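Asks: Please see the structure below; I have some questions.
In my numbering, the protein residues as written are 70 to 552.
Right, here's the structure in full:
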């Protein structure tokens, strides 16, 4: 696959700001930006995803002749700025939580510390990459949680919003817990297991359904998963499948199972299971597909559906009930030429949109006895290390009378160093390693935080020092307004 130059994958105002920063001699200022998402009624937890693609993008930034000529043709940039772009290279730092980490609203899941022009340019692409993949990985995790250990196949390519969404959505779905994808290109690119059966058109292209099943089984005798709902599921489809399965068994092969793609899946799966079992095919699987998501799978499970494999497409690859994560990239500090740090804060009439200032990281608190995550808190990197031999008291980020004390606990710093001085310092894990890490992450959280219906609210607090910094900045700005 041809490598694309994604340097211009940005909003125009990033470039116009860069041009202005250069004019006012701000190119030596160091900026700190945080990537995070805000709370909304749909978000309980998320799985941070897309870091590998962010790294690839950042390390390959360059303005070639074509890019320079195009920008010149817009007639809005100075020649000094265009000359600057010819030698552009990212020389800053990036810190982030590892892919597959469970994260919550307000937490800085990625932090950029770089010269202001560099940090400004990469905002749009980072959000484009991380917002989408985080959304799909999270949706996948919730679907797989509802499936309770059953096989889940990602079938969304044909319904994805263009090729890139299908490719990187498949990657994110595997990270979230899906076992395979129907997307062959994604399978090749990321070493993902691929899966699929046949379409209704296969059945319709033969003289009758039995012949279609029989011919398919001849081609794939050890992987015959037959789609049985083209005409009449219970009166034709399942009986014809059983007839073919009997023939396969007689030849020493092991039939795979059937797939249901329409109708009352709970009722049909129960009837089909009974028919298959009575015919001696007790070890065959029943796969279901057709606009499924975590809620419909959970409902089918509660109805006692006899389904043990799920093909999930549209509602996964588009995250149908929440098609946008709403992740943002906000300035939190400026470091001048002399190294002086000035924390920055964005105000809003909407409390949720007031940002947390400073250069930050996240601690996760674990109960030593259970190994379960109990709370997170955001802290300033300049703070003194915490003495874990002493009780830890966390305070609610806004309702300061709410406190919780931990005694038998351990802390984990969530950020890892990814890029330092423009060079990769992080050993990027492969997809299988990320998926394994993700499963361990999810297992470290109580089911109460992961349940679909009214999940328990996980605690994310601010350190006392960060809270006081934020409060002080708010009071200072409000005082300036009054004056």
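Glycine is no exception: its CB is placed at the ideal position from the N, C-alpha and C atoms.
Only a predicted model underlies this, so the values are computations on that prediction, with no experimental measurement involved.
(1) Please check the pair residue 431 and residue 465, which I expect to be a contact at CB under 8 Å, by giving their CB distance rounded to whole angstroms.
(2) Measuring CB atoms only, is the stretch 444-459 touching the stretch 165-182, in the sense that at least three cross pairs come out at less than 8 Å?
(3) Is the Cβ-Cβ distance between residue 284 and residue 299 less than 9 Å?
(4) Tell me, to the nearest whole angstrom, how far the beta carbon of residue 245 is from that of residue 206; I am working on the premise that it is less than 8 Å.
(5) Out of 111, 493, 352, state which residue places its alpha-carbon closest to the alpha-carbon of residue 128.
(6) Using 8 Å for Cβ pairs, my map puts residue 121 next to residue 385. What's the rounded Cβ distance?
(7) Among the residues of its own chain, which have a CB less than 7 Å from the CB of residue 309, if the five just before and after it don't count?
(8) Please specify which runs of the alpha helix (DSSP H), each continuous and at least 4 residues long, are wholly inside the stretch 78-160, giving them in chain order.
(9) Between the C-alpha atoms of residue 351 and residue 243, what's the straight-line distance to the nearest angstrom?
(10) Output yes or no for whether 9 Å exceeds the beta carbon distance between residue 514 and residue 171.
(11) Is residue 199 helix, strand or coil when you go by DSSP?
(12) Can you tell which of 220, 201, 258 has its C-alpha closest to the C-alpha of residue 231?
(13) Which partner residues of residue 451 appear in the DSSP bridge assignment?
(14) Three-state secondary structure (DSSP) at residue 430?
(15) If you draw a straight line from the C-alpha of residue 71 to the C-alpha of residue 233, how long is it?
(16) Got a sec: does the ligand PLP put a non-hydrogen atom nearer than 8 Å to the Cβ of residue 253?
(17) Can the beta-carbon of residue 413 be found closer than 9 Å to that of residue 403?
(18) Using DSSP with H/G/I as helix, E/B as strand and the rest coil, what is residue 345?
(19) The alpha helix (DSSP H) that contains residue 264, what's its start and end?
(20) With distances taken between CB atoms, is the gap from residue 535 to residue 427 smaller than 9 Å?
(21) With a Cβ-Cβ cutoff of 9 Å, do residue 190 and residue 104 count as a contact?
(22) For the putative contact between residue 478 and residue 436, defined by C-beta atoms under 8 Å, what is the C-beta separation to the nearest angstrom?
(23) Please list the segments of the beta strand (DSSP E) lying wholly inside the stretch 332-417, counting only runs of 3 or more residues, in order along the chain.
(24) Would you kindly work out how many angstroms separate the C-alpha atoms of residue 199 and residue 425, rounded to a whole number?
(25) Given a threshold of 16 other Cβ atoms within 10 Å of its Cβ, counted over all protein chains shown, does residue 158 qualify as buried or as exposed?
(26) Using only the alpha-carbon positions, how far apart do residue 204 and residue 388 sit?
(27) Would you mind stating whether residue 88 and residue 132 have Cβ atoms separated by less than 9 Å?
(28) Please return the same chain residues whose Cβ sits closer than 8 Å to the Cβ of residue 316, not counting the five positions on each side in sequence.
(29) So is residue 433 buried or exposed if we call it buried at 16+ other beta carbons inside 10 Å?
(30) Compute the Euclidean distance between the alpha carbons of residue 330 and residue 462, then round it to the nearest angstrom.
(31) Taking the beta carbon of residue 555 as the centre, do at least 16 other beta carbons fall within 10 Å, making it buried, or is it exposed?
(32) Residue 438 by DSSP, collapsed to three states: which one?
(33) What separation, rounded to the nearest whole angstrom, lies between the Cα atoms of residue 527 and residue 113?
(34) Under three-state DSSP, which class holds residue 512?
(35) Can you tell me which of 363, 194, 151 puts its alpha carbon nearest to the alpha carbon of residue 74?
(36) Let me know if residue 375 comes out buried or exposed under the rule of 16 or more other beta-carbons within 10 Å of its beta-carbon.
Replies: With the given structure in hand:
(1) Against the chain shown, residue 431 aligns to sequence position 362. Against the chain shown, residue 465 aligns to sequence position 396. Going by Cβ atoms, the distance from residue 431 to residue 465 rounds to 16 Å, so no, they are not a contact pair.
(2) yes
(3) If you number the chain shown from 1, residue 284 lands on position 215. If you number the chain shown from 1, residue 299 lands on position 230. In this structure, residue 299 does not lie closer than 9 Å to residue 284 by Cβ.
(4) By one-based count along the chain shown, residue 245 stands at place 176. By one-based count along the chain shown, residue 206 stands at place 137. About 4 Å; that satisfies the 8 Å criterion.
(5) Taking the chain shown and counting its residues from 1, the one referred to as residue 128 is at position 59. Each of 111, 493, 352 was checked against the Cα of residue 128, and the nearest Cα belongs to 493.
(6) As a working mapping, residue 121 is identified with position 52 in the chain shown. As a working mapping, residue 385 is identified with position 316 in the chain shown. Under the criterion of beta carbons closer than 8 Å, residue 121 and residue 385 do not qualify as touching, at roughly 20 Å.
(7) For the purposes of this step, residue 309 is taken as the residue at position 240 of the chain shown. Counting only Cβ-Cβ distances below 7 Å, and skipping sequence neighbours, we find 278, 279, 282.
(8) 81-92, 120-128, 134-142, 148-155
(9) Taking the first residue of the chain shown as 1, we reach residue 351 at position 282. Taking the first residue of the chain shown as 1, we reach residue 243 at position 174. Those two C-alpha atoms are separated by around 29 Å.
(10) The sequence position of residue 514 within the chain shown is 445, counting from 1. The sequence position of residue 171 within the chain shown is 102, counting from 1. When the beta-carbon positions are compared, residue 514 and residue 171 come within less than 9 Å of each other.
(11) As a first step, residue 199 must be located in the chain shown, where it is residue number 130. Judged by DSSP in its simplified three-state form, residue 199 adopts helix.
(12) Taking the chain shown and counting its residues from 1, the one referred to as residue 231 is at position 162. That would be 201, whose Cα lies nearest to the Cα of residue 231.
(13) For the purposes of this step, residue 451 is taken as residue 382 along the chain shown, with counting starting at 1. Paired residue(s): none; residue 451 is not in a bridge.
(14) Here the question's residue 430 lines up with position 361 in the chain shown. Strand, per DSSP.
(15) Reading the chain shown from its first residue, position 2 is the one you call residue 71. Reading the chain shown from its first residue, position 164 is the one you call residue 233. Confidence in residue 71 is poor, its pLDDT being 48 and thus under 50, which makes the residue's placement unreliable; the coordinate value appears in the next sentence. Rounded to the nearest angstrom, the two C-alpha atoms are 14 Å apart.
(16) Although the ligand PLP was asked about, the structure shown includes no ligands whatsoever.
(17) What you label residue 413 is simply residue 344 of the chain shown in a count that begins at 1. What you label residue 403 is simply residue 334 of the chain shown in a count that begins at 1. In this structure, residue 403 lies closer than 9 Å to residue 413 by Cβ.
(18) By one-based count along the chain shown, residue 345 stands at place 276. Residue 345 falls in the helix class under three-state DSSP.
(19) Along the chain shown, one-based indexing puts residue 264 at 195. No alpha helix (DSSP H) contains residue 264, which DSSP labels as neither H nor E.
(20) Position 466 of the chain shown, counting from 1, holds the residue named residue 535. Position 358 of the chain shown, counting from 1, holds the residue named residue 427. Their beta carbons are under 9 Å apart, which means residue 535 touches residue 427 by this criterion.
(21) Taking the first residue of the chain shown as position 1, residue 190 is located at position 121. Taking the first residue of the chain shown as position 1, residue 104 is located at position 35. Contact: no.
(22) Here residue 478 refers to the residue found at position 409 when the chain shown is read from its first residue. Here residue 436 refers to the residue found at position 367 when the chain shown is read from its first residue. At roughly 6 Å, the Cβ-Cβ gap stays under 8 Å, so residue 478 and residue 436 are in contact.
(23) 354-358, 378-381, 396-404, 410-412
(24) Translated into positions along the chain shown, residue 199 becomes position 130. Translated into positions along the chain shown, residue 425 becomes position 356. C-alpha separation (whole angstroms): 20 Å.
(25) Here residue 158 corresponds to residue number 89 of the chain shown, with the count starting at 1. Classification for residue 158: exposed.
(26) As a working mapping, residue 204 is identified with position 135 in the chain shown. As a working mapping, residue 388 is identified with position 319 in the chain shown. Between residue 204 and residue 388, the C-alpha separation is close to 7 Å.
(27) Start at 1 with the first residue of the chain shown, and residue 88 comes out as number 19. Start at 1 with the first residue of the chain shown, and residue 132 comes out as number 63. Not a contact, by the Cβ cut-off of 9 Å.
(28) Residue mapping note: residue 316 aligns to position 247 of the chain shown, counting from 1. Cβ within range, chain order: 283, 286.
(29) Here residue 433 refers to the residue found at position 364 when the chain shown is read from its first residue. Label assigned to residue 433: buried.
(30) Mapped onto the chain shown, residue 330 falls at position 261. Mapped onto the chain shown, residue 462 falls at position 393. Those two C-alpha atoms are separated by around 52 Å.
(31) In this structure the chain extends from 70 to 552, so residue 555 is not present and cannot be described.
(32) Counted from its first residue, the chain shown places residue 438 at position 369. Here residue 438 sits in coil by DSSP.
(33) Against the chain shown, residue 527 aligns to sequence position 458. Against the chain shown, residue 113 aligns to sequence position 44. Approximately 8 Å, taken between the alpha carbons.
(34) If you number the chain shown from 1, residue 512 lands on position 443. Of the three classes helix, strand and coil, the one that applies to residue 512 here is helix, per DSSP.
(35) The residue given as residue 74 occupies position 5 in the chain shown. Checking every option, the nearest Cα to that of residue 74 belongs to 194.
(36) Counting from 1 along the chain shown, the entry for residue 375 is found at position 306. By the 10 Å Cβ count, residue 375 comes out buried.
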